Amino acid sequence: MHVVHCTKAALHNLISNTMTTPMLLVHGGAGDISDARVPGKTKGMKLALKAGLPLLMPSPECGGIEAGSALDAVEAAVRAMEEDENFNAGYGACLNSDGNVEVEASIMEGSRLQAGCVTLLHDIKYPISVARCVMERTNHTFLGGESAQKFALANGAEQLPAGSLVTQSARDALKQFKQQQSEGKDTTYAPTELDKTIKERPGEPGTVGAVAIDAKGNIAVATSTGGITGKVAGRIGDTPLLGCGTYADNKWGGVSTTGHGETIMRFNLAQKIIANIRYCNMSAQEATEVACKEMTERLGGTGGAITIGPTGDIGVAWTSKRMGWGYVRNNEYIYGIDHGKVLKEPF
Ligand code: ASP
């Protein structure tokens, strides 16, 4: 007889036949992504899925019964993108107007609605792990500025030498931003090819996010960013704000957003998507599309989101010119970056 050891929850799932098919969905930011950036982002999202998926899948040591953890999976996926210079998070984050990196992140789990958020960190490679520490090791939900920095260092984060997260392309993006400003151009947004009435901000887009559901039906979400190029020092965006950049609730779904933060936070994009699922009975896809469209129609700013519904259905939509997204099904990497184009390749 083959004996397996597993937790009570996994056993309950087995007996009551309530296993959910695990899913990990990632995004690599929305905006005016240049063609030169596409291969790096596509590869980086695949690497993020490779980092996160082993933590999400039921473990073979337990006869395939013991479920992985959505929370571990989203943290690992986001960490992989934070260390990748192709994204605007961690290493490669965009620069504020003083030429410095100030990063922010949030993480949330949907069983008890626990969350951790951080902002205005500097010279720390994995802001998402600091956010998780806030969630798990404090009685608070959101830490910012020098206290957050001290907390990060006291909880195992490495203080890198000043400027270690700054890349040449982030410097170039700031230079271009300042040039446009000095020419009196509107740097709030820049026109896209999609629709000349919809405008996008210049700079390096590439906030990162991950949403996962594990076999127990637990949903978790993580989002991390450097914000927007040329931001005033001390500016805080949507990414660390619950209901804007991140939200997770096992009952209704999980959402990670990206795009113009000032727009997203005024609209509460993540929460609007959850409301569409909850009150309008929409699928994750419809809820995401409707909310992103309404946001841009009402406020003008663009953005996008990835969503997993409570039964594991997925939603991907954006009003920006481009948004990188990806997931794995049947050992195939399914991804995209342009409107109306879904690509597939072996995982
Ligand atoms: N939402 C981020 C911010 O405004 C930027 C982005 O998603 O690209 O801080």
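The opening position of the sequence shown corresponds to residue 0 in numbering that gives the first Met the number 0, with each subsequent residue numbered one higher. All C-beta atoms, glycine included, are put in the ideal place defined by N, C-alpha and C. Remember, predicted model here, so these are calculated numbers, not experimental data.
| Query | Result |
| --- | --- |
| In its own chain, which residues sit with a C-beta less than 6 angstroms from the C-beta of ALA219, not counting the 5 before and 5 after it? | ALA69, LEU70, VAL73, GLU108, ALA211, ALA247 |
| How close, in whole Å, do the beta carbons of ASN85 and LYS40 come, if the pair is a contact with beta carbons under 8 angstroms? | 5 angstroms |
| Would you please state the rounded distance, in angstroms, between the beta carbons of SER105 and ALA114? I believe it to be under 8 angstroms. | 7 angstroms |
| Find the nearest neighbour of GLU285 within the set GLU101, VAL315, THR295, judged by alpha-carbon distance. | VAL315 |
| Does the Cβ of GLY260 lie closer than 7 angstroms to at least one heavy atom of ligand 1? | yes |
| Run the proximity test for GLY236: is its beta-carbon closer than 7 angstroms to any non-hydrogen atom belonging to ligand 1? | yes |
| Less than 8 angstroms separating the beta-carbons of THR166 and THR206? | no |
| Based on DSSP bridge pairs, tell me the residues matched to GLY303. | THR257, TRP317 |
| Taking DSSP's pairing of strands, which residues face GLN113 in a bridge? | GLU108 |
| Measuring from the CB of GLY30, is there a heavy atom of ligand 2 at a distance below 7 angstroms? | Absence of ligand 2 from the depicted structure is noted, with ligand 1 being the only ligands included. |
| Under 8 angstroms, do ALA76 and LEU112 count as touching if we go by C-beta distance? | no |
| Have a look at GLY233, ASN138, MET134, LEU94 and flag the residue whose alpha-carbon is nearest the alpha-carbon of GLY162. | LEU94 |
| Can you list, in chain order, the residues of its chain whose CB lies under 7 angstroms from that of PRO204, leaving out five sequence neighbours each side? | GLY28, ALA29, GLY30, ASP31, ILE32, ASN87 |
| Starting from SER181, trace the beta strand (DSSP E) both ways and give me its first and last residue. | Run containing SER181: none in the beta strand (DSSP E); it sits in the alpha helix (DSSP H), 167 to 181. |
| Whose CA, out of PRO21, PHE141, ARG328, HIS121, lies closest to the CA of LYS45? | ARG328 |
| Going straight from the alpha carbon of HIS11 to that of VAL102, what length do you get? | Confidence in HIS11 is poor, its pLDDT being 44 and thus under 50, which makes the residue's placement unreliable; the coordinate value appears in the next sentence. So the alpha carbons of these two residues sit roughly 40 angstroms apart. |
| Once you ignore the five residues that flank GLY335 on each side, which residues in its own chain have a CB closer than 7 angstroms to its CB? | TRP324, VAL341, LEU342 |
| So, under 8 angstroms CB-CB, SER96 and GLY229 are touching, yes? Tell me the CB distance rounded to an integer number of Å. | 5 angstroms |
| Would you check if there are 3 or more beta carbon pairs closer than 8 angstroms linking the segment 268 to 276 to the segment 138 to 150? | no |
| What are the start and end residues of the alpha helix (DSSP H) that includes GLY292? | One point to set straight first is that residue 292 is Lys, not Gly, in the sequence displayed. Where LYS292 is concerned, the enclosing alpha helix (DSSP H) stretches over 283 to 298. |
| Tell me whether PRO204 counts as near ligand 1, meaning its Cβ is closer than 7 angstroms to at least one heavy atom of that ligand. | yes |
| To the nearest angstrom, report how far apart ARG277 and GLN179 are at their CA atoms. | 43 angstroms |
| With H, G and I counted as helix, E and B as strand and the rest as coil, what does DSSP make of GLY91? | coil |
| In chain order, what residues of the same chain lie with their CB nearer than 8 angstroms to the CB of LEU240, ignoring the 5 residues before and after it? | SER105, CYS116, MET264 |
| Where does the unbroken alpha helix (DSSP H) through SER146 begin, and where does it stop? | 144 to 153 |
| Span of the alpha helix (DSSP H) holding PRO367? | Coverage of the chain is limited to positions 0 through 346, which leaves residue 367 absent and any answer about it impossible. |
| Just reading off the beta strand (DSSP E) that GLU331 is part of, what are its end residues? | 331 to 337 |
| Figure out for me which residue from ARG136, CYS291, ASP34 has the closest Cα to the Cα of ASN154. | ARG136 |
| Return the chain-ordered list of same chain residues with a C-beta closer than 6 angstroms to the C-beta of ALA156, the five sequence neighbours on each side being excluded. | ILE123, VAL129 |
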